[in-house]
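Residue numbers (the UniProt record's numbering): 1 to 712.
Input: a single structure, listed below in structure tokens.
This is the structure:
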């Protein structure tokens, strides 16, 4: 966010030109947070998929010329983001080799890489002209408008750069961009104008919203040259004519001195009259509103946390969510998270966006609804910038920032709406009632006797791997089984090949994989006798009382089928023999692995990289228990190393300082996890490490070599 200079606020500098480093890519197959493949729409205050299920956009800003585009996207997916917000500028859109910006050709490369990894993209028109120091290197167009040539402007961008973009050119460029991605559902939205201003810089006028003006006189010229409301409708409809599936995102103009409704200020973006003067498109279910929220240290918002900030957000935009009028996406937010002020801001923002400020009039979300989505600014390592990026110098994630943005990832409601087969047809699991007759895998019917719900805070769980949901992709077991994605707790058993086999024993890292949400609410259904009911066409066991009934609780929350079992009681009282390993499981896993058709390579892609902390032995990695019939070895393994030499001098590989990225010593060497660190103290300033590799694995081709970055 950059404040209006005419209001006497200092500028927030978007990243000044710096040499881009590559992020630490990790080996991933998919993220549990990824959005559906289809386009999205809106329903009330929710963004929904093609089936009407609410989704949450958890995006991250792209602002560097990353040379390793696929590796950058993979790292974003691994971090948990599901969308990239990608800027473009009219002046460089068609340039062959723009400096410190990207052109349409590069945008196409990024979109292609995103699509390959299941990531989505929102394209954002950021400014008309290339960035200079005067506008914070492209942080915000200082005339307050979306164009810089013609009526309503002084024919500059607000900081003395000669304008080249008329309103007609602005629309034409947007249509060109939309045509380039028409029908490509990787691009889910178009953010039409970044951070418009109620007050432009000297000699410029800023924007109006229909008849509403910054001064509250309500004498604006509807459809006039500075009417951003009219622009959103005109350009939005022009885009819909060529790419009707995409969302149209309308940002509220920033105003530090008041708001259109006369109820307060709106430095993040003024949507205070969007309910009574909404953006109306030919397809009305494609409009998403947007604001940008930053702490005072970046935006100069006078009050950025606590009750006063909540009141301001309620008035500026939150009421659209609270009244179920329209969805709002926080299209930029972020902080370096190094001050007490930023901590207070983060606490306020995450609570508000997640619906925890009902007592203060904030939005509330229930049932299947998703909270407010957001975009974290910015991906990369940007020392000295504000914010300074999601990454540390070595390419790892900045823990302080991750602690904030990870709270804005989608709520784990994957199984909200999971369909259970009953005599009345398939019914969403959360709608099952006592007495509902379900159809069991043995062909018989049974009434629902009891339901149980339990919420697990996985972010604080001492052993989250024991509770993280296992996701079965559609068709991962057999044709049409499951019919849709199905999530089970690790111990929840499926009735397959005449045996009860826990979900965790079937993980292959591709079509059946463990997900890592921050929290989950598990759901279970009890029948008169232990049996298997059909969930998305998949025979999954009913609740078996193993002495754990007391851990369940009732609650209105997203639900997932749940199992926590005493294995001895399960073996004694289950409806079928129980198997977690052995011949039955191995034979089933062989079939499921063949079905998954995971392509592997013997190339470990080993490379030694150097940084101030030492050296990192980077390689591909894999989990043996995911790629072989025997599921028991759950270690992530890179390569096995029998010896290390630095400058020709051998280093013992069993010494205590070799900890980060190293597994326990074995008879013939030590396995790495794909990123094993040799501390700088062992290198003594030398950069000539040689390693002796005695074993490697078959690695999924999709599992790129760990792309950890070290900078000297």
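All residues carry an ideal CB built from backbone N, CA and C; glycine is no exception.
- Return yes when the Cβ of residue 306 is within less than 8 Å of the Cβ of residue 291, no when it is not. For the purposes of this step, residue 291 is identified with residue 291 of the chain shown, where counting begins at 1. For the purposes of this step, residue 306 is identified with residue 306 of the chain shown, where counting begins at 1. Going by C-beta atoms, residue 291 is not nearer than 8 Å to residue 306.
- Mind reading off the beta-carbon distance from residue 157 to residue 129? Whole number of angstroms is fine, and I expect it under 8 Å. Your numbering for residue 157 matches position 157 in the chain shown. Your numbering for residue 129 matches position 129 in the chain shown. Going by Cβ atoms, the distance from residue 157 to residue 129 rounds to 5 Å, so yes, they are a contact pair.
- Query: What are the complete alpha helix (DSSP H) segments, minimum 4 residues, inside the region 84-150?
  - Reply: 104-116
- How many whole angstroms separate the CB atoms of residue 447 and residue 470, which I take to be in contact at a CB cut-off of 8 Å? Locating residue 447 in the chain shown gives position 447, counting from the first residue. Locating residue 470 in the chain shown gives position 470, counting from the first residue. About 28 Å; that fails the 8 Å criterion.
- Cα separation between residue 376 and residue 329? Counted from its first residue, the chain shown places residue 376 at position 376. Counted from its first residue, the chain shown places residue 329 at position 329. Cα to Cα, residue 376 sits roughly 11 Å from residue 329.
- Spatially closest choice to residue 228 from 216, 215, 252, 240, by CA coordinates: Position 228 of the chain shown, counted from the first residue, corresponds to residue 228. Here the closest residue by C-alpha is 252.
- Task: Would you mind reading off the limits of the beta strand (DSSP E) that contains residue 643?
- Result: Here residue 643 corresponds to residue number 643 of the chain shown, with the count starting at 1. Its beta strand (DSSP E) spans residues 640-646.
- Query: Since residue 482 contacts residue 472 with CB under 8 Å, what's their CB separation in whole angstroms?
  - Reply: Translated into the one-based positions of the chain shown, residue 482 becomes position 482. Translated into the one-based positions of the chain shown, residue 472 becomes position 472. Going by Cβ atoms, the distance from residue 482 to residue 472 rounds to 5 Å, so yes, they are a contact pair.
- Enclosing beta strand (DSSP E) for residue 298 [first to last residue]: Position 298 of the chain shown, counted from the first residue, corresponds to residue 298. Looking at the DSSP string, residue 298 is not in any beta strand (DSSP E); the run it does join, the alpha helix (DSSP H), is 296-299.
- CB of residue 476 within 8 Å of CB of residue 511, strictly: Taking the chain shown and counting its residues from 1, the one referred to as residue 476 is at position 476. Taking the chain shown and counting its residues from 1, the one referred to as residue 511 is at position 511. In contact: residue 476 and residue 511 (Cβ atoms closer than 8 Å).
- Query: Is there contact here, the region 76-93 with the region 215-226, by at least three beta-carbon pairs under 8 Å?
  - Reply: no
- Message: By alpha-carbon positions, which one of 592, 576, 478, 597 ends up nearest to residue 538?
- Response: Residue mapping note: residue 538 aligns to position 538 of the chain shown, counting from 1. Comparing Cα-Cα distances from residue 538 to each of 592, 576, 478, 597, the minimum goes to 478.
- Three-state secondary structure (DSSP) at residue 176? Within the chain shown, residue 176 is the residue found at index 176, counting from 1. In the structure shown, residue 176 sits in a helix (DSSP, three-state: H, G or I).
- Three or more C-beta pairs below 8 Å linking the region 346-359 and the region 33-45: no
- Query: What are the partner residues of residue 513, as DSSP defines its beta bridges?
  - Reply: Taking the first residue of the chain shown as position 1, residue 513 is located at position 513. Answer is 471.
- Query: For residue 635, is the classification buried or exposed, using 16 other Cβ atoms within 10 angstroms of its Cβ as the cut-off for buried?
  - Reply: The count along the chain shown starts at 1 and reaches residue 635 at position 635. Only exposed fits residue 635, as fewer than 16 other CB atoms lie within 10 angstroms of its CB.
- Check whether residue 588 and residue 501 have beta carbons under 8 Å apart: Residue mapping note: residue 588 aligns to position 588 of the chain shown, counting from 1. Residue mapping note: residue 501 aligns to position 501 of the chain shown, counting from 1. Their beta carbons are under 8 Å apart, which means residue 588 touches residue 501 by this criterion.
- To which residues of the same chain is residue 505 closer than 6 Å at the C-beta, ignoring the five residues directly before and after it? Walking along the chain shown from the start, residue 505 turns up at place 505. Same-chain partners within the cutoff: 580, 585, 631.
- Can you list, in chain order, the stretches of the beta strand (DSSP E) that have 3 or more residues and sit fully within the region 26-83? The DSSP assignment places 41-43, 46-48, 58-62 as complete runs of the beta strand (DSSP E) inside the region 26-83, in order along the chain (cut-off: 3 residues).
- Task: Give me the Cα-Cα distance between residue 427 and residue 450, rounded to the nearest whole angstrom.
- Result: For this step, residue 427 is matched to residue 427 along the chain shown. For this step, residue 450 is matched to residue 450 along the chain shown. If you take the alpha carbons of residue 427 and residue 450, they lie about 16 Å apart.
- Could you give the DSSP three-state label for residue 538: helix, strand or coil? Sequence index remark: in the chain shown, residue 538 carries index 538 (1-based). Under the three-state reduction of DSSP, residue 538 is assigned to strand.
- Query: residue 52: buried (16+ other C-beta within 10 angstroms of its C-beta) or exposed?
  - Reply: Working through the chain shown from its first residue, we reach residue 52 at position 52. So residue 52 counts as exposed.
- Can you tell me which of 314, 401, 332 puts its alpha carbon nearest to the alpha carbon of residue 359? The count along the chain shown starts at 1 and reaches residue 359 at position 359. Ranking the options by Cα distance to residue 359, first place goes to 314.
- Message: One question on the structure: do residue 716 and residue 542 come within less than 8 Å of each other, judged by their Cβ atoms?
- Response: It is not possible to answer for residue 716, since the shown part of the chain is limited to 1 through 712.
- Could you give the distance in angstroms between the alpha-carbon of residue 189 and the alpha-carbon of residue 235? The sequence position of residue 189 within the chain shown is 189, counting from 1. The sequence position of residue 235 within the chain shown is 235, counting from 1. Rounded to whole angstroms, residue 189 to residue 235 spans 13 Å at the Cα level.
- Message: What does the alpha-carbon distance come out to for the pair residue 486 and residue 493?
- Response: Residue numbering aside, residue 486 sits at position 486 when the chain shown is read from its first letter. Residue numbering aside, residue 493 sits at position 493 when the chain shown is read from its first letter. Straight-line Cα distance between these residues: approximately 13 Å.
- Report yes if the CB atom of residue 398 is closer than 8 Å to the CB atom of residue 408, and no otherwise. Mapped onto the chain shown, residue 398 falls at position 398. Mapped onto the chain shown, residue 408 falls at position 408. No, they are not a contact pair.
- Query: Just reading off the beta strand (DSSP E) that residue 247 is part of, what are its end residues?
  - Reply: Stepping through the chain shown from its first residue, residue 247 is reached at position 247. 247-251 is the span of the beta strand (DSSP E), which, as asked, contains residue 247.
- Task: Answer with buried or exposed for residue 437, where buried requires no fewer than 16 other C-beta atoms within 10 angstroms of its C-beta.
- Result: Residue 437 sits at position 437 when you count from the first residue of the chain shown. Exposed is the call here.
- Local conformation of residue 229 per DSSP, three classes: On the chain shown, position 229 is the one that residue 229 refers to. DSSP places residue 229 in the helix class (H, G or I) of the three-state scheme.
- Task: My understanding is that residue 240 touches residue 280, with C-beta atoms under 8 Å, so please give their C-beta distance in whole angstroms.
- Result: In the chain shown, residue 240 corresponds to position 240, counting from 1. In the chain shown, residue 280 corresponds to position 280, counting from 1. Residue 240 to residue 280, Cβ: 12 Å. No contact.
- Smallest Cα separation from residue 343: which of 369, 388, 176, 403? As a working note, residue 343 is residue 343 in the chain shown. Per the Cα distances, 403.
- Query: Between residue 104 and residue 59, what straight-line distance do the alpha-carbon atoms span, to the nearest angstrom?
  - Reply: As a working mapping, residue 104 is identified with position 104 in the chain shown. As a working mapping, residue 59 is identified with position 59 in the chain shown. Computed Cα separation, rounded: 21 Å.
- Query: Between the C-alpha atoms of residue 532 and residue 441, what's the straight-line distance to the nearest angstrom?
  - Reply: Translated into the one-based positions of the chain shown, residue 532 becomes position 532. Translated into the one-based positions of the chain shown, residue 441 becomes position 441. Looking at the two C-alpha atoms, the distance is approximately 5 Å.
- DSSP puts residue 701 in a beta bridge; with which residues? Counting from 1 along the chain shown, the entry for residue 701 is found at position 701. Answer is none; residue 701 lacks a bridge partner.
- Item | Residues that residue 689 bridges to, as DSSP identifies them | Within the chain shown, numbered from 1, the residue matching residue 689 stands at position 689. Its beta-bridge partners are 646.
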